[in-house]
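All letters in the sequence shown, in the order written, are residues 28 to 286 by this note's numbering.
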Amino acid sequence: MNKLKLITLAILCFGATTFLQAQTADEILANYFENTGGLENWKNVKTLSFEGSVNFQGMELPIAMIQMNNGKSLMKADFQGQTFYQNVYDGETLWATNQMTMAAEKSDAEATKNYKNDINDFPDPFIDYASKGHSVELVGTETVEGTETFKIKLTKEPIMVDGKEEQDITFYYFDAENFVPIVVEKEIKSGPAAGIVGQTKFSDYQEVEGLYFPFSITEGAKGQPGGQQITITNIVINGEVDESIFKFPAPASDGGSKN
28 MNKLKLITLA ILCFGATTFL QAQTADEILA NYFENTGGLE NWKNVKTLSF
78 EGSVNFQGME LPIAMIQMNN GKSLMKADFQ GQTFYQNVYD GETLWATNQM
128 TMAAEKSDAE ATKNYKNDIN DFPDPFIDYA SKGHSVELVG TETVEGTETF
178 KIKLTKEPIM VDGKEEQDIT FYYFDAENFV PIVVEKEIKS GPAAGIVGQT
228 KFSDYQEVEG LYFPFSITEG AKGQPGGQQI TITNIVINGE VDESIFKFPA
278 PASDGGSKN
């Protein structure tokens, strides 16, 4: 390679680096919403319903998830004829299925309070983030699995862990070309996995009624191989939802669970 080619290459590399550094967090987020359907269209989302499957020990288990702008939510998975519920919130009570007894159990007050704090994040925590009390910071650029990304730090109101306030910080890695998040990282604050950095990877973005969603999601721990693969097969925006499905079920005399 002659000297002229080296100089040209250096100029191109410098120009690309300067462009990446010149971006601000708000500009990146503006591009993100523009590329995924438009900010106003996202603000018009009232409900989201997802269907798909999760790979569990080599088996594909059907899953479904519903989220509403009033905070009500539900996630369920079917396994060997049983339905397991997780992160179900009816507006007052957060509950889930006990995997040992198959009974519905309420979460404690601390977990419920932390969950309530995230209600206003629907359908995206970056929408009007400042009015929610959140802050964003462009940490810099980083190559993630061969892709150049913008690393954005999202700081939210502190959460409570064992009676003490803990920082609520999440790092988002936005593809520098398409401006969509491809990796999200957040330290786990409680439970057996406390201290581990949870990592979620997003890919296979597809259009649904004018908005773009990742249809392939992998959840795991940063730096660890494997992870749980989730495949989305269908998304419904602003569909009708029977809100009675969120209600904490009354104890059944026969020991049955909600179906």
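For glycine and all other residues, C-beta sits at the position ideal for the given N, C-alpha and C.
> Along the chain, which unbroken stretches of the alpha helix (DSSP H) at least 4 residues long are found entirely within the stretch 35-123?
Replying inline: 52-62, 66-70
> What residue from MET95, VAL188, GLY108 has the CA that sits closest to ILE215's CA?
Replying inline: VAL188
> Which residues in the same chain have their Cβ closer than 8 angstroms to the Cβ of LYS73, if we skip the five residues on either side of it in sequence?
Replying inline: MET95, ASN96, ASN265
> Measuring CA to CA, which of GLY237, GLU193, ASN114 is closest to PHE60?
Replying inline: GLY237
>> Between MET129, ALA130, MET127, SER134, which has its C-alpha nearest ASP289's C-alpha?
In response: With the chain running from 28 to 286 in the structure shown, residue 289 is simply not present.
> Of all the options GLU169, GLU184, PRO241, which has the alpha carbon lying nearest to the alpha carbon of TYR142?
Replying inline: GLU184
> How long is the line joining the alpha carbons of LEU66 and GLY253, rounded to whole angstroms?
Replying inline: 34 angstroms
> Since VAL256 and PHE242 are thought to touch, with beta carbons under 8 angstroms apart, how far apart are those beta carbons, to the nearest angstrom?
Replying inline: With the sequence shown as reference, residue 256 is identified as Gln, and Val is not the correct amino acid for it. Not quite, the Cβ-Cβ distance comes to about 12 angstroms (not below 8 angstroms), so this is no contact.
>> Since GLY79 and ILE259 should fall inside the 8 angstroms C-beta cutoff, what is the C-beta to C-beta distance between them, to a whole number of angstroms?
In response: 4 angstroms
>> By the DSSP assignment, the beta strand (DSSP E) with ASN261 in it spans what residues?
In response: 255-264
> How long is the line joining the alpha carbons of ASN125 and ALA131, rounded to whole angstroms?
Replying inline: 6 angstroms
> Going by DSSP, which residues form a beta bridge with THR227?
Replying inline: VAL211, GLU246
>> My output table needs one value for SER217: the three-state DSSP class, helix, strand or coil.
In response: coil
> How would you write the range of the beta strand (DSSP E) that TYR200 sits in, first residue to last?
Replying inline: 191-202
> Based on the DSSP output, what are the partners of TYR232 in its beta bridges?
Replying inline: PRO241
>> DSSP three-state label for SER134, please.
In response: coil
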